[in-house]
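In my numbering, the protein residues as written are 1416 to 1650.
No residue lacks a Cβ here, since even glycine has one placed at the ideal position from N, Cα and C.
In what follows, a single structure is set out as structure tokens and then discussed.
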């Protein structure tokens, strides 16, 4: 069932989210927003994500789903793979439905996308926790060098994922629930690709192809999808 959220409260939280402080802990925390250009409840959450995208302690990623395309506007950023990823999270959590806007923090906590204060508290908690994996990235031309080291063997293993995303784009929406609006989107995911399975027994070294101008993130995550063990970005 689709959730309709309060736009006025969402706008207040979006403004609040842009002023929230940063953590003093370890590596950046991944916040995934599942959103749609065709969802009238999503613009406040899109604004919250834009605030998170400006923080050094967060890798904020907007994944546009395709399951609202039928209601009048086809999302220009949507990919069925992102809808499948969200459904996989729901299955792992024992949830029977998916909705927008939804944020997933650290691969584990599911939050309604306008709840900026709740997201900030989760970011602080995850950011302060010891990282089970150390991850370093370097970019040379169209390639990214990845080095990872686990503090201990990873009992469930991990999936190493390469994520490409575009920093910002404005879309003028002419049909559907957001018809007549021009909306600014931040950190729009353009590709999410598993590149390696890793058990953490030996240090990991990879050279990945990443041509073009899109930003790059590498995310090490337990399968499921499960908790995110490490993440870094090259912006």
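Item	Value
By alpha-carbon positions, which one of 1650, 1634, 1530 and 1450 ends up nearest to residue 1599?	1450
For residue 1574, which residues from the same chain have a beta carbon less than 7 Å from its beta carbon, with the 5 sequence-adjacent residues on both sides left out?	1609, 1612, 1636 and 1638
How is the beta strand (DSSP E) around residue 1561 delimited, first residue to last?	1558 to 1565
In the DSSP assignment, find the alpha helix (DSSP H) that holds residue 1534 and state where it starts and stops.	1531 to 1543
Distance check for residue 1532 and residue 1595, CA to CA, integer angstroms please.	30 Å
How would you label residue 1506, buried or exposed, when you count the other beta carbons within 10 angstroms and need 16 or more for buried?	exposed
Around the Cβ of residue 1590, are there at least 16 other Cβ atoms within 10 angstroms (buried) or fewer (exposed)?	exposed
Examine the Cβ distances between the segment 1522 to 1536 and the segment 1454 to 1469 and report whether three or more of them are shorter than 8 Å.	yes
Put residue 1365 into one of helix, strand or coil per three-state DSSP.	What is shown of the chain runs 1416 to 1650, which leaves residue 1365 out entirely.
Between residue 1576 and residue 1442, what straight-line distance do the alpha-carbon atoms span, to the nearest angstrom?	17 Å
The alpha helix (DSSP H) that contains residue 1496, what's its start and end?	1495 to 1508
By the 10 Å Cβ neighbour count, where 16 or more other Cβ atoms means buried, how is residue 1556 classified, buried or exposed?	exposed
When you compare the CB positions of residue 1645 and residue 1548, do they come within less than 8 Å of one another, or not?	yes
Could you compute how far the alpha carbon of residue 1552 sits from the alpha carbon of residue 1504?	26 Å
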